[in-house]
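Remarks on the structure that follows.
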């Protein structure tokens, strides 16, 4: 006889997410052991995912829902929300505010009253600042072209999704995966009026201030979609954009590190299935959270 699961009241994001996992498994009539056989994870791992104690990793979540016949892309947004909420709840107190203003104009609130820091941490703080300054200087000396040649693949895709390299040169007569939408004439100025936005989400900097907006753009005549990020681009901010197609598990990454009010990524065709976009901003202070649109 299996161990009885503890009841959950949905008082936390982790518990609400666990309840959803329990519901989808129950709707398929699977036991934990049966699900483990289909998902390729140990029964104890999947049971822990349903416990509500913490939000499971994306890899476990993806295998869990896929084994239940669900499209993982439709779970991505809710998983990010739950994971981010849990991470915030577990974060240690922030460093003392400096009175600086976030790039978006939002004030950075003080974490604790001035002067409440402890002396043993002063030297450590100085070392961190010095390393940060050195890193920023090195970063700014790297040419933008060199920076944009390196694209970070989100860890959730490693070994599970196939990367589509940029198609060069793009052929306007035959739009395809990995093409530049502008040069392929799917998003060029002469057809801009026919391009539609399927979804739009916020893109944030490492400390939470809003950087801009990520739009999932679509051209019906080309049957293709791509990501567009609006925000204050600059040489010290590299914007990474990727589009994903869950039907055949392919993605097309790109990045931009120059001065511009916006940047766009390469496209994927939508005929094999729906496409969604992800984007994040790399800065000298680190990477911002990954913004994700709906699958459309």
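Numbering (our numbering), first residue to last: 8 to 303. Note that the Cβ used here is the ideal one computed from N, Cα and C, for glycine as well.
By the 10 Å Cβ neighbour count, where 16 or more other Cβ atoms means buried, how is residue i classified, buried or exposed?
| i | result |
| --- | --- |
| residue 57 | buried |
| residue 34 | exposed |
| residue 68 | buried |
| residue 184 | buried |
| residue 222 | buried |
| residue 25 | buried |
| residue 238 | buried |
| residue 192 | buried |
| residue 261 | buried |
| residue 212 | buried |
| residue 36 | exposed |
| residue 268 | exposed |
| residue 293 | exposed |
| residue 176 | exposed |
| residue 63 | buried |
Express the C-alpha separation of residue j and residue i in angstroms, rounding to a whole number.
| i | j | result |
| --- | --- | --- |
| residue 240 | residue 278 | 32 Å |
| residue 47 | residue 70 | 8 Å |
| residue 30 | residue 251 | 27 Å |
| residue 299 | residue 20 | 18 Å |
| residue 78 | residue 259 | 19 Å |
| residue 285 | residue 81 | 13 Å |
| residue 199 | residue 226 | 9 Å |
| residue 254 | residue 73 | 12 Å |
| residue 12 | residue 86 | 21 Å |
| residue 188 | residue 22 | 41 Å |
| residue 224 | residue 301 | 12 Å |
| residue 220 | residue 40 | 42 Å |
| residue 271 | residue 16 | 43 Å |
| residue 196 | residue 190 | 10 Å |
| residue 181 | residue 233 | 16 Å |
| residue 291 | residue 243 | 7 Å |
| residue 206 | residue 194 | 16 Å |
| residue 173 | residue 38 | 43 Å |
| residue 32 | residue 51 | 15 Å |
| residue 202 | residue 44 | 44 Å |
| residue 28 | residue 167 | 21 Å |
| residue 65 | residue 171 | 22 Å |
| residue 84 | residue 60 | 20 Å |
| residue 273 | residue 229 | 13 Å |
| residue 280 | residue 54 | 31 Å |
| residue 186 | residue 14 | 50 Å |
| residue 18 | residue 179 | 52 Å |
| residue 89 | residue 216 | 19 Å |
How is the alpha helix (DSSP H) around residue i delimited, first residue to last?
| i | result |
| --- | --- |
| residue 44 | 39-46 |
| residue 192 | Neither: residue 192 is in no alpha helix (DSSP H) and is coded neither H nor E. |
| residue 52 | 50-56 |
| residue 68 | 65-74 |
| residue 198 | That residue, residue 198, is in no alpha helix (DSSP H); it is neither H nor E in DSSP. |
| residue 175 | Taken as a continuous stretch (DSSP letters only), residue 175 belongs to no alpha helix (DSSP H), as it is neither H nor E. |
| residue 30 | 20-35 |
List the whole-angstrom C-beta distance separating residue i from residue j, where the pair is believed to meet the contact cut-off of C-beta under 8 Å.
| i | j | result |
| --- | --- | --- |
| residue 91 | residue 296 | 7 Å |
| residue 236 | residue 248 | 6 Å |
| residue 231 | residue 275 | 7 Å |
| residue 245 | residue 264 | 4 Å |
| residue 208 | residue 218 | Actually they do not touch by this definition, with Cβ atoms about 12 Å apart. |
Along the chain, where does the beta strand (DSSP E) containing residue i start, and where does it finish?
| i | result |
| --- | --- |
| residue 233 | 231-237 |
| residue 223 | 217-226 |
| residue 286 | 282-290 |
| residue 214 | Premise fails: residue 214 is in no beta strand (DSSP E) and is neither H nor E. |
Is residue i near the ligand HEM - that is, is its Cβ less than 7 Å away from at least one heavy atom of it?
| i | result |
| --- | --- |
| residue 86 | Only the bare structure without any ligand can be found here, which leaves the ligand HEM out of the picture. |
Going residue by residue through the region 241-268, where are the continuous beta strand (DSSP E) segments of at least 3 residues, counting only ones entirely within it?
245-252, 257-263
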